[in-house]
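**Student:** Just dropping this structure here.
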Amino acid sequence: MGECVFCLSTAALHDNQVLSRGRSVYVCAPRGQLIEGFLAVAPYACVGALSRLPAEVFDEIERALATVVSFYRDAYGRGSWLVYEQGRGGGGASTDAVAGFPFHAHLCALPIDVDLHTALARRFTAMEIGALRDLPATAGDAPYLYIDGVDAGGCRRRSVYLPMTPPLRAELERSRLKPLIAALAGLPERGTWRAYPGDAELAALRRRFAQWRGSAPFGHDDRGDPFRQRRDGA
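Under this note's numbering, the letters of the sequence shown match residues 10 to 243, in that order.
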């Protein structure tokens with residue numbers, strides 16, 4: 010089994026990639042920057058999907074996402090964005106069947122608009138939710154894909170995509186959203202981090218986030234740490 014990228018004890022993520030630490034979750038800038046601004050919100054606990062987290066963690070995840078959104082608005086001038094989770098471990102699977110790496114739940118965020126809803130609705134059943142805290146009850150013990158983004162009509166939707174048959178379940182557990190996102194964004198060559206590590210974009214993102222976070226008095230607005238951590242403790 011490969012090492013878990015999102016378990017901080019493995020040091021697969023360098024300290025300067027962990028941008029903010031909370032009580033139960035953290036915000037990081039992974040390699041494989043499809044475009045500059047790719048961020049992830051992950052729990053410290055190595056669970057296979059967000060649907061398997063305790064209920065009390067979801068409010069902290071929402072606060073972390075609110076900071077990501079504020080950063081996108083201020084630093085990139087973005088009024089819309091994409092958030093998604095590949096909840097392939099929602100049904101109990103613990104490792105990727107092909108690559109062998111552990112599933113560690115994390116939300117991905119990008120400062121772009123792409124319509125994933127249309128493509129996913131062709132294969133899976135969409136269930137609309139109002140907030141992340143609704144995810145466990147909606148997904149149950151199934152693998153899933155969670156999308157918070159615009160559809161073909163430009164309407165923002167939070168949808169959980171579920172497989173309704175055993176073959177679709179197996180398909181979803183093997184699925185990869187990043188190649189689809191890269192293709193829809195017109196950047197198919199950046200569909201995997203091995204093909205496009207995006208190290209220049211990663212360095213630029215770290216600098217931009219540090220400048221943004223330091224540009225307002227601590228605690229005065231969303232540029233402060235949502236996890237109530239010391240300003241110098243990222």
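For every residue, glycine included, the Cβ atom is placed at its ideal position computed from N, Cα and C. No experiment lies behind these values; they were computed from the predicted model shown.
Rounded to the nearest angstrom, what separates ASP24 and GLY207 at their Cα positions?
**Tutor:** Position 15 of the sequence shown, counting from 1, holds the residue named residue 24. Position 198 of the sequence shown, counting from 1, holds the residue named residue 207. If you take the alpha carbons of ASP24 and GLY207, they lie about 18 angstroms apart.
**Student:** Given this structure, state the Cα-to-Cα distance separating GLY195 from ASP122, to the nearest angstrom.
**Tutor:** Counting from one through the sequence shown, the residue named residue 195 turns up at place 186. Counting from one through the sequence shown, the residue named residue 122 turns up at place 113. GLY195 and ASP122: Cα-Cα distance of roughly 12 angstroms.
**Student:** So, LEU154 versus LEU129, is the Cβ gap smaller than 8 angstroms?
**Tutor:** Along the sequence shown, read from residue 1 onward, the residue named residue 154 stands at position 145. Along the sequence shown, read from residue 1 onward, the residue named residue 129 stands at position 120. Yes; because the gap between Cβ atoms is below 8 angstroms, this pair is in contact.
**Student:** What is the C-beta distance between LEU125 and ILE156, in whole angstroms, given that I count them as a contact (C-beta under 8 angstroms)?
**Tutor:** The residue labelled residue 125 in the question sits at position 116 within the sequence shown. The residue labelled residue 156 in the question sits at position 147 within the sequence shown. Rounded, the Cβ-Cβ distance is 5 angstroms, consistent with contact.
**Student:** Throw me the rounded Cβ distance for the ALA102 and GLY162 pair, which I believe falls under 8 angstroms.
**Tutor:** Taking the sequence shown and counting its residues from 1, the one referred to as residue 102 is at position 93. Taking the sequence shown and counting its residues from 1, the one referred to as residue 162 is at position 153. Cβ atoms of ALA102 and GLY162 stay farther apart than 8 angstroms, at about 34 angstroms.
**Student:** Does the beta-carbon of THR174 have 16 or more other beta-carbons within 10 angstroms, so that it is buried, or is it exposed?
**Tutor:** Start at 1 with the first residue of the sequence shown, and residue 174 comes out as number 165. It counts as exposed.
**Student:** Give the DSSP bridge partners of CYS117, in chain order.
**Tutor:** Looking up residue 117 in the sequence shown gives position 108. CYS117 pairs with ALA49, TYR93.
**Student:** Quick one, which of PRO63, GLU12, CYS13 has its alpha-carbon nearest ALA146's?
**Tutor:** Locating residue 146 in the sequence shown gives position 137, counting from the first residue. Nearest of PRO63, GLU12, CYS13 to ALA146, Cα basis: PRO63.
**Student:** Using the three-state DSSP reduction, which class does ASP208 fall into: helix, strand or coil?
**Tutor:** Indexing the sequence shown from 1 puts residue 208 at position 199. Note: ASP208 maps to helix in three-state DSSP.
**Student:** Exposed or buried, which one is ARG183 when buried takes at least 16 other CB atoms within 10 Å?
**Tutor:** Here residue 183 refers to the residue found at position 174 when the sequence shown is read from its first residue. Answer is exposed; the Cβ neighbour count stays below 16.
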